[in-house]
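Trainee:
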Amino acid sequence: MKRKMFFYAFLALLLLAPAQLPAADFAWMPDFNVQAQADPSGFRVRLATRFHIGDAQVSAVLGNFPKPADAYVALRLGEMSGKPFEYVAEQYKANKGQGWGALAKSLGIKPGSREFHALKRGDDLYASKGKGKGKKNK
236 MKRKMFFYAF LALLLLAPAQ LPAADFAWMP DFNVQAQADP SGFRVRLATR
286 FHIGDAQVSA VLGNFPKPAD AYVALRLGEM SGKPFEYVAE QYKANKGQGW
336 GALAKSLGIK PGSREFHALK RGDDLYASKG KGKGKKNK
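Under this note's numbering, the very last position in the sequence shown is 373; numbers go up by exactly one each time.
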């Protein structure tokens with residue numbers, strides 16, 4: 236009886252664990268959205284400064300994404316891939332619902348790269364590290 240109970244408990248853990256893992260990816264986004272919505276003008280200035288873009292492009296970026304954090308991730312993916320924002324927004328719309336990893340892959344960024352994992356963790360919210368495309372110099 237104990238073995239049977241242990242087996243079912245173990246099986247439940249195996250089934251539930253994968254459902255919990257994706258929630259850890261980009262866990263910083265809800266807090267980021269709250270901060271951006273609390274100070275919209277400050278957020279716009281930080282985006283413009285961080286990505287070296289003008290106010291018109293900030294408006295275009297924010298108009299293409301449902302949430303501020305989505306706009307930030309798209310800008311960051313454009314920076315990482317060397318692709319213009321317009322192309323990133325196009326790919327986002329074409330592949331909507333497939334996740335950031337799929338978008339990164341479509342832009343030539345390896346979803347398993349160190350730089351992409353840093354983005355998922357929120358390690359680089361406003362400061363550029365200047366690494367480019369996730370490759371490390373040896």
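The beta carbon of each residue, even a glycine, is placed where N, CA and C say it ideally should be. Small disclaimer: the values here were computed from a predicted structure and weren't measured.
#1: Who are the near neighbours of Leu-360 in its chain, counting only those whose CB is closer than 6 Å to its CB and skipping five residues on each side?
#2: Tell me whether the beta-carbon of Ala-304 lies closer than 8 Å to the beta-carbon of Val-323.
#3: Quick check: the Cα distance between Ser-316 and Ala-273, rounded to an integer number of angstroms?
#4: Shorter than 8 Å from the beta carbon of Gln-272 to some beta carbon of chain D?
#5: Please go through the stretch 257-340 and give each complete alpha helix (DSSP H) segment of 4 or more residues, from N-terminal end onward.
#6: For the alpha helix (DSSP H) that contains Leu-354, what are its first and last residues?
#7: Val-280: buried (16+ other C-beta within 10 angstroms of its C-beta) or exposed?
#8: Would you mind stating whether Val-293 and Phe-320 have Cβ atoms separated by less than 8 Å?
#9: Here's the rule: buried if 16 or more other CB atoms are within 10 angstroms of the residue's CB, otherwise exposed. What is Glu-325?
#10: Measure the alpha-carbon distance for Lys-330 versus Gly-277 and round it to whole angstroms.
Mentor: Concretely, from the data shown:
#1: Start at 1 with the first residue of the sequence shown, and residue 360 comes out as number 125. None.
#2: Here residue 304 is taken as the residue at index 69 of the sequence shown, counted from 1. Here residue 323 is taken as the residue at index 88 of the sequence shown, counted from 1. Result no, Cβ atoms of Ala-304 and Val-323 do not sit closer than 8 Å.
#3: For the purposes of this step, residue 316 is taken as the residue at position 81 of the sequence shown. For the purposes of this step, residue 273 is taken as the residue at position 38 of the sequence shown. The straight-line gap from Cα to Cα measures roughly 30 Å.
#4: The question asks about chain D, but that chain is absent: this structure has only one protein chain.
#5: 264-273, 275-286, 290-298, 303-316, 320-329
#6: The residue labelled residue 354 in the question sits at position 119 within the sequence shown. Taken as a continuous stretch (DSSP letters only), the alpha helix (DSSP H) holding Leu-354 covers 349-356.
#7: As a working mapping, residue 280 is identified with position 45 in the sequence shown. The residue in question, Val-280, is exposed, as its Cβ has fewer than 16 Cβ neighbours within 10 Å.
#8: Residue numbering aside, residue 293 sits at position 58 when the sequence shown is read from its first letter. Residue numbering aside, residue 320 sits at position 85 when the sequence shown is read from its first letter. The answer is no: Cβ separation not under 8 Å.
#9: On the sequence shown, position 90 is the one that residue 325 refers to. Burial call: exposed.
#10: Position 95 of the sequence shown holds residue 330. Position 42 of the sequence shown holds residue 277. Residue identity differs from the one stated: residue 330 is Asn in this sequence, not Lys. About 30 Å.
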